[in-house]
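Novice: Pasting a structure here, questions to come.
Protein chains: 2
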Amino acid sequence: MAASKDPRPCSIADALALVGEKYSLLVLREVCLGNGRFDQLVRNIGAPRDILAARLRRLVDAGILAKRPYSERPQRFEYRPTQAGLELEPVLWTLKEWGDRHLRADSGTPMTLEHHCGNEFVPVVTCRACGEEARHRELTAHPRVPGWTVGGPAAA
Amino acid sequence: MAASKDPRPCSIADALALVGEKYSLLVLREVCLGNGRFDQLVRNIGAPRDILAARLRRLVDAGILAKRPYSERPQRFEYRPTQAGLELEPVLWTLKEWGDRHLRADSGTPMTLEHHCGNEFVPVVTCRACGEEARHRELTAHPRVPGWTVGGPAAA
DNA sequence: TATGGTGAGTTCGGATTTCCTACTCACCGG
DNA sequence: CCGGTGAGTAGGAAATCCGAACTCACCATA
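For the record, the sequence lines run as chains B and W.
Take 100 as the starting number for the first sequence in the numbering used here and just add one per residue.
Take 100 as the starting number for the second sequence in the numbering used here and just add one per residue.
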């Protein structure tokens with residue numbers, strides 16, 4: 100039996116253990132924008148070089164980024180998202196959307212995304228089954244691990 | 100003139116500056132599940148009490164959580180999400196979905212969400228304008244700040 | 001051959017955070 | 001009075017983060 104001081108088992112916690120360290124998601128942002136070279140990352144993110152090197156190692160080990168040579172002699176590398184990395188991008192989009200609305204209501208967004216439909220891309224999270232936009236009050240949590248319950252919905 | 104060593108201006112970075120510290124998003128998870136009391140948070144998250152107290156202060160200051168009394172004598176408080184906090188929940192859903200698929204393919208998810216349509220809730224990020232599911236290759240980034248392109252900062 | 005420049009890191013010492021355990025303080029129930 | 005609970009604080013050790021400097025391999029020019 101798990102020691103009762105263990106925290107709640109949770110995929111969110113697991114995911115954050117991988118990508119929740121400082122700068123990790125910003126690395127993914129830059130790499131998804133196509134800026135995958137070490138010095139570009141240093142400049143665009145503002146991270147210390149040693150920290151960046153550590154994050155890159157971790158993200159490559161986790162299969163979120165891949166390191167590719169783009170030049171043989173001299174050897175030069177570039178980081179690119181793997182499939183798993185690209186599938187993490189929706190997290191960035193929703194974070195960006197939240198930040199634009201709540202932190203930049205006045206100053207305007209520093210970047211827009213354009214969807215191939217021709218419009219500005221604004222992400223909306225929907226239910227795969229019914230297609231409706233998801234709302235907090237229309238969701239119910241069901242823990243699957245004995246001993247871990249939830250306290251019911253928390254409305255604002 | 101912004102010093103050329105400033106990082107890219109970005110709502111993702113701004114949002115992470117608020118909620119990107121260790122445990123912050125797990126606090127939001129628990130609070131959205133309805134577990135808003137200090138000792139519940141300590142147990143369910145596994146955070147040291149002093150760090151948790153600091154995160155709660157920060158999240159309240161940022162308008163993401165609100166502290167409410169649920170008992171007068173003795174004074175007892177509970178944290179609940181504000182509207183801004185609830186609007187951050189889609190980030191948690193997409194993180195959970197990613198973690199379930201990439202980190203728990205074998206072991207199974209520790210928690211499911213049920214949508215009011217009756218099905219298990221699986222979040223899908225779509226384009227508000229056309230309703231289509233968003234994909235990396237169908238998006239184009241347009242920086243709105245001079246000096247910042249997707250190829251890195253312009254040569255000064 | 002020497003000189004300088006670039007890309008991709010590593011190394012260094014010191015500052016800042018985080019962690020863990022223990023403690024406080026107020027109240028309640030018996 | 002005594003033990004228990006809820007919500008934190010306090011203090012020192014441990015881990016992380018930071019900026020700047022350094023390395024190493026290669027290329028360009030002169």
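A virtual CB, placed ideally from N, CA and C, is assigned to each residue, including glycine.
Keeping to the same chain, check which residues put their C-beta closer than 6 Å to that of Leu212/B; ignore five residues upstream and five downstream.
Specialist: As a first step, residue 212/B is located in the first sequence; it is residue number 113 there, counting from the start. If we look at Leu212/B and ignore the five residues flanking it on each side, its Cβ neighbours are Phe220.
Novice: Give the secondary structure of Leu191/W by DSSP, where H, G and I count as helix, E and B as strand, and everything else as coil.
Specialist: Counting from 1 along the second sequence, the entry for residue 191/W is found at position 92. Leu191/W: helix per DSSP, three-state reduction.
Novice: State the start and end residues of the unbroken alpha helix (DSSP H) segment that holds Ser123/B.
Specialist: Stepping through the first sequence from its first residue, residue 123/B is reached at position 24. 123-132 is the extent of the alpha helix (DSSP H) around Ser123/B.
Novice: Determine the DSSP secondary structure at Val224/W, reduced to helix, strand or coil.
Specialist: Within the second sequence, numbered from 1, the residue matching residue 224/W stands at position 125. Of the three classes helix, strand and coil, the one that applies to Val224/W here is strand, per DSSP.
Novice: Whose CA, out of Gly246/B, Tyr178/B, Val249/B, Arg236/B, lies closest to the CA of Arg128/B?
Specialist: Translated into the one-based positions of the first sequence, residue 128/B becomes position 29. Ranking Gly246/B, Tyr178/B, Val249/B, Arg236/B by Cα distance to Arg128/B puts Tyr178/B first.
Novice: When you compare each of Gly184/B, Asn218/B, Cys109/B to Ala165/B by their alpha carbons, which one comes out closest?
Specialist: Counting from one through the first sequence, the residue named residue 165/B turns up at place 66. Comparing Cα-Cα distances from Ala165/B to each of Gly184/B, Asn218/B, Cys109/B, the minimum goes to Gly184/B.
Novice: Closer than 8 Å by beta-carbon distance: list the chain W residues that pair up with Ile111/B, in chain order.
Specialist: Here residue 111/B corresponds to residue number 12 of the first sequence, with the count starting at 1. Leu124, Leu125, Arg128, Leu191, Leu194, Lys195, Gly198, listed in chain order.
Novice: What residues from chain W crowd round Thr225/B, counting only those whose CB sits closer than 7 Å?
Specialist: Indexing the first sequence from 1 puts residue 225/B at position 126. Those within 7 Å of Thr225/B in chain W are Val223, Thr225.
Novice: Could you round the C-beta distance between Val224/B and Pro189/W to whole angstroms and report it? I think they count as a contact, below 8 Å.
Specialist: Translated into positions along the first sequence, residue 224/B becomes position 125. Translated into positions along the second sequence, residue 189/W becomes position 90. Between Pro189/W and Val224/B the Cβ distance is about 4 Å, and since that is below 8 Å, they are a contact.
Novice: Leaving out five residues before and five after Val244/B in sequence, what residues of the same chain have Cβ atoms less than 6 Å from its Cβ?
Specialist: As a working mapping, residue 244/B is identified with position 145 in the first sequence. So the qualifying residues of the chain are Pro108.
Novice: For Met210/W and Ala240/B, what's the separation of their Cα atoms in angstroms?
Specialist: Taking the first residue of the second sequence as 1, we reach residue 210/W at position 111. Taking the first residue of the first sequence as 1, we reach residue 240/B at position 141. Computed Cα separation, rounded: 7 Å.
Novice: Would Leu151/B count as contacting chain W if we go by Cβ distances under 9 Å?
Specialist: In the first sequence, the residue the question calls residue 151/B occupies position 52. Output row for Leu151/B: interface = no.
Novice: Give every residue of the same chain whose Cβ lies closer than 6 Å to the Cβ of Arg175/B, excluding the five residues on either side of it in the sequence, and list them in chain order.
Specialist: By one-based count along the first sequence, residue 175/B stands at place 76. Result list for Arg175/B: Tyr169, in chain order.
Novice: Within a Cβ cutoff of 6 Å, which residues of the same chain sit near Leu191/W, ignoring the five residues on either side of it in sequence?
Specialist: What you label residue 191/W is simply residue 92 of the second sequence in a count that begins at 1. Excluding sequence neighbours, Leu191/W sits near Arg128.
Novice: So Val249/B packs on Asn134/W, CB below 8 Å; how close in whole Å?
Specialist: Indexing the first sequence from 1 puts residue 249/B at position 150. Indexing the second sequence from 1 puts residue 134/W at position 35. Confirmed, Cβ separation roughly 7 Å.
Novice: What residue range does the beta strand (DSSP E) around Arg243/W cover?
Specialist: Counting from one through the second sequence, the residue named residue 243/W turns up at place 144. Element bounds for Arg243/W: n/a, residue is neither H nor E.
Novice: State the DSSP-derived secondary structure class of Asp197/B, mapped to helix, strand or coil.
Specialist: Against the first sequence, residue 197/B aligns to sequence position 98. In the sequence as presented, Asp is not what sits at residue 197/B; that position holds Trp. In this structure, Trp197/B counts as helix in the three-state DSSP scheme.
Novice: Report buried or exposed for Lys104/W, applying the criterion of at least 16 other Cβ atoms within 10 angstroms of its Cβ.
Specialist: Along the second sequence, read from residue 1 onward, the residue named residue 104/W stands at position 5. By the neighbour-count rule (16 or more Cβ atoms within 10 Å), Lys104/W is not buried but exposed.
Novice: Can you name the start and end residues of the alpha helix (DSSP H) that Ala233/W belongs to?
Specialist: In the second sequence, residue 233/W corresponds to position 134, counting from 1. Ala233/W -> no alpha helix (DSSP H), and no H or E assigned at all.
Novice: Contact check, Lys195/B vs Ile111/W under 8 Å by CB: the rounded distance?
Specialist: Within the first sequence, the letter at position 96 stands for residue 195/B. Within the second sequence, the letter at position 12 stands for residue 111/W. Going by Cβ atoms, the distance from Lys195/B to Ile111/W rounds to 5 Å, so yes, they are a contact pair.
Novice: Can you grab the Cα-Cα spacing for the pair Leu158/W / Ala204/B, in whole Å?
Specialist: Counted from its first residue, the second sequence places residue 158/W at position 59. Counted from its first residue, the first sequence places residue 204/B at position 105. If I take the Cα positions, the gap works out to 19 Å.
Novice: Suppose you measure from the CA of Ala146/W to the CA of Cys216/B; what does that come to, to the nearest Å?
Specialist: If you number the second sequence from 1, residue 146/W lands on position 47. If you number the first sequence from 1, residue 216/B lands on position 117. Roughly 44 Å separates the two Cα atoms.
Novice: To the nearest angstrom, how far is it from the Cα of Leu115/B to the Cα of Ala153/B?
Specialist: Along the first sequence, one-based indexing puts residue 115/B at 16. Along the first sequence, one-based indexing puts residue 153/B at 54. One C-alpha to the other measures close to 16 Å.
Novice: Quick check: Pro106/W and Ile150/B, are their CB atoms within less than 9 Å of each other?
Specialist: Translated into the one-based positions of the second sequence, residue 106/W becomes position 7. Translated into the one-based positions of the first sequence, residue 150/B becomes position 51. The answer is no: Cβ separation not under 9 Å.
Novice: So the beta strand (DSSP E) Ser170/B belongs to, where does it begin and stop?
Specialist: If you number the first sequence from 1, residue 170/B lands on position 71. Element bounds for Ser170/B: 164-170.
Novice: Taking a contact to mean a Cβ-Cβ separation below 9 Å, would you say His235/W touches Cys226/B in this structure?
Specialist: Here residue 235/W is taken as the residue at index 136 of the second sequence, counted from 1. Here residue 226/B is taken as the residue at index 127 of the first sequence, counted from 1. It is not a contact, given that the beta carbons lie outside the stated cut-off.
Novice: Please compile the residues from chain B whose C-beta is within a distance smaller than 8 Å of the C-beta of Gly119/W.
Specialist: The count along the second sequence starts at 1 and reaches residue 119/W at position 20. Near Gly119/W (Cβ distances below 8 Å), the residues of chain B are Gly119, Lys121, Leu124.
Novice: Roughly how many whole angstroms lie between the Cα atoms of Leu155/W and Gly230/B?
Specialist: The residue given as residue 155/W occupies position 56 in the second sequence. The residue given as residue 230/B occupies position 131 in the first sequence. Cα to Cα, Leu155/W sits roughly 34 Å from Gly230/B.
Novice: According to DSSP, is Arg179/B helix, strand or coil?
Specialist: Counting from one through the first sequence, the residue named residue 179/B turns up at place 80. In this structure, Arg179/B counts as strand in the three-state DSSP scheme.
Novice: Output the distance between the C-alpha atoms of Asp199/B and Gly207/B, rounded to the nearest integer angstrom.
Specialist: Walking along the first sequence from the start, residue 199/B turns up at place 100. Walking along the first sequence from the start, residue 207/B turns up at place 108. If you take the alpha carbons of Asp199/B and Gly207/B, they lie about 7 Å apart.
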